[in-house]
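Q: The structure's right below; bear with me while I get my questions together.
Residue numbers (the working numbering): 21 to 474.
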């Protein structure tokens, strides 16, 4: 294999055309996409309204917006845009799901798995822009079929001339420069179309979404996070992280060592893992979150199931994707310690004081609303209070949390957007709860948390 062409994987020369689409990189082309989406949603509303009127009904605006056709339009266009536009949908589906109508939450949840890939021509363009012409001379093999695709980039497997197996993450063109406008445009679209509660204060959420996305789009920063987390975990026998290859990493390309493993959610299949293994995997990840919060004060806040893989040969969990890594200040960490400890003891006064310190309560919150928020915390910490192993597989905890959050958010003048630290911690904890439920795992959460709460 001495020719440049040998760098191309002959078995998979081009990604699946049905799932491949060039990413619109220019601001005008991206705005046009969102404009056509707004037009399509409006047209769908008119058509559905005419249909219901002809049937003698007087439809509500919300019923016209949340039609199946409009649901498909929203999910499809955000997935095509990728980048910030898709990320906003993903963040909303996990961070604010309890605030949204169930129909919209289902639409946005699709975006967590519904990523399109770049065609081969665009992949080559990205590689030549950042590595230069002749980049392929350094590789024995480079597969142009991505092995993973997400909101701001896709991953390819490669082997260097000296035999290193690598994962190469490529950022979609135009993502960085389109972040601010995409976030604003999508938020405006959802607000104008009536898909968001009018009482929801978007300003802090949008500012935080932009800040995080700019950080996630800096692959050199993610490489630094990989180095830092690797050092914090040290020689942990239960986890493995890819190693960043600094010589090949650029702002839009992250080169890492290849890590073997299967998707962790595949362990939910009866033939894939027994109860003991499923319990162990969920326990390791929930226990790691407590270490991240209370020991590291540094949390990988993206609980996407694709960020965890299991290597049966070594028995280790692979931790992937450290773009959404967030430091937590000591006062916030200590307030969460008091909140959780108060919840375990049933000390509502301590819970209220800790929640106030974190920033959950607006200045003039009503006593009944304050009590309702504390009740919500008590529900969320149910596994911490449960003696012995908590059975996530048979629990309806996620549904109860969603229903309680939705009830609160619908109250007039109630909603107060929590600080970003709280939103991203909720996102991580909620994602781990969902994964534990998917695995039908039984986890002694109280025992895992006890060392940090004493």
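Ideal Cβ positions, reconstructed from N, Cα and C, are used throughout, including at glycine.
1) Which residue comes first and which comes last in the beta strand (DSSP E) that contains residue 406?
2) What did DSSP end up calling residue 180 once you bin it into helix, strand or coil?
3) Of the choices 168, 411, 139 and 345, whose alpha-carbon is the least far from that of residue 239?
4) Using three-state DSSP, classify residue 267 as helix, strand or coil.
5) In terms of alpha-carbon separation, which member of 154, 401 and 447 lies closest to residue 465?
6) What does a CB cutoff of less than 7 Å around residue 362 pick up in its chain, not counting 5 residues either side in sequence?
7) Taking the beta strand (DSSP E) that residue 275 falls in, what are its first and last residues?
8) Compare the C-alpha of residue 450 against each of 416, 193, 179 and 473 and name the closest.
9) What's the call for residue 468, buried or exposed, on a 16-neighbour Cβ count within 10 Å?
10) From this set, 399, 397 and 456, which residue's C-alpha is nearest residue 411's C-alpha?
11) Figure out for me which residue from 280, 183, 268 and 235 has the closest Cα to the Cα of residue 338.
12) Any idea if residue 419 is buried or exposed, counting beta-carbon neighbours within 10 angstroms, 16 or more meaning buried?
13) Based on the DSSP secondary-structure assignment, which residues constitute the bridge partners of residue 348?
14) For residue 461, count neighbouring Cβ atoms within 10 angstroms of its own Cβ and tell me buried if that reaches 16, exposed if not.
15) Once the 5 residues before and after residue 459 are set aside, which same chain residues still bring their CB inside 7 Å of it?
16) What is the DSSP secondary structure of residue 473, reduced to helix, strand or coil?
17) Inspect the beta-carbon positions of residue 356 and residue 378 and report whether they are closer than 8 Å.
18) Just to confirm the assignment: which complete beta strand (DSSP E) runs, minimum length 3, are found wholly within the segment 277 to 354?
19) Mind checking which residues open and close the alpha helix (DSSP H) that includes residue 461?
20) Keeping to the same chain, check which residues put their C-beta closer than 6 Å to that of residue 223; ignore five residues upstream and five downstream.
21) For residue 241 and residue 285, what's the separation of their Cα atoms in angstroms?
22) Can you check DSSP and say which residues form a bridge with residue 159?
23) Buried or exposed for residue 65, going by 16 or more other Cβ atoms inside 10 Å?
24) Looking only at its chain, what residues have a beta carbon closer than 7 Å to the beta carbon of residue 143, apart from the 5 residues adjacent to it on each side?
25) If you check the beta carbons only, do residue 309 and residue 327 fall under 8 Å apart?
26) Could you tell me which of 146, 414, 167 and 424 sits nearest to residue 282, measuring between CA atoms?
27) Give me the Cα-Cα distance between residue 268 and residue 276, rounded to the nearest whole angstrom.
28) Between the beta-carbon of residue 199 and the beta-carbon of residue 234, is there less than 8 Å?
29) Given 8 Å as the limit, is there contact between the segment 307 to 321 and the segment 246 to 256, that is, 3 or more CB pairs closer than that?
30) Residue 336 and residue 258: beta carbons closer than 8 Å?
31) Using CA coordinates, which residue listed in 454, 463, 232 and 208 is at the minimum distance from residue 406?
32) Spatial neighbours of residue 247 within its chain, please: CB distance less than 7 Å, with the 5 preceding and 5 following residues excluded, ordered by chain position.
33) How long is the line joining the alpha carbons of residue 139 and residue 325, rounded to whole angstroms?
34) Find out if the Cβ-Cβ distance for the pair residue 249, residue 472 is shorter than 8 Å.
35) Residue 249 by DSSP, collapsed to three states: which one?
A: A quick look at the data gives this:
1) Neither: residue 406 is in no beta strand (DSSP E) and is coded neither H nor E.
2) strand
3) 345
4) Of the three classes helix, strand and coil, the one that applies to residue 267 here is helix, per DSSP.
5) Minimum Cα distance to residue 465 is reached at 401.
6) Correct list, in chain order: 370, 371 and 374.
7) 273 to 277
8) Proximity to residue 450 across 416, 193, 179 and 473 peaks at 416, based on C-alpha coordinates.
9) The residue is buried, with at least 16 neighbouring Cβ atoms inside 10 Å.
10) 456
11) 280
12) The residue is exposed, with fewer than 16 neighbouring Cβ atoms inside 10 Å.
13) For residue 348, which the question treats as bridged, DSSP gives no partner whatsoever.
14) buried
15) Close CB contacts of residue 459 within its chain, under the 7 Å cut and outside five residues either way in sequence, are with 287, 288, 298, 301 and 302 (chain order).
16) helix
17) yes
18) 318 to 320, 328 to 331, 336 to 339 and 345 to 347
19) Counting along the chain, residue 461 falls outside any alpha helix (DSSP H), and DSSP gives it neither H nor E.
20) For residue 223, where only same-chain residues beyond five positions count, there are no Cβ hits under 6 Å.
21) 28 Å
22) 180
23) Bear in mind that the predicted position of residue 65 carries a pLDDT of just 39, short of 50, making it too unreliable to give a figure here.
24) 164 and 190
25) no
26) Closest in C-alpha terms to residue 282, from the list 146, 414, 167 and 424, comes 167.
27) Their Cα atoms are separated by approximately 9 Å.
28) yes
29) yes
30) yes
31) 463
32) Only 264 meet the Cβ criterion.
33) 25 Å
34) Here residue 249 is not near residue 472, since their CB atoms are 8 Å or more apart.
35) In the structure shown, residue 249 sits in a helix (DSSP, three-state: H, G or I).
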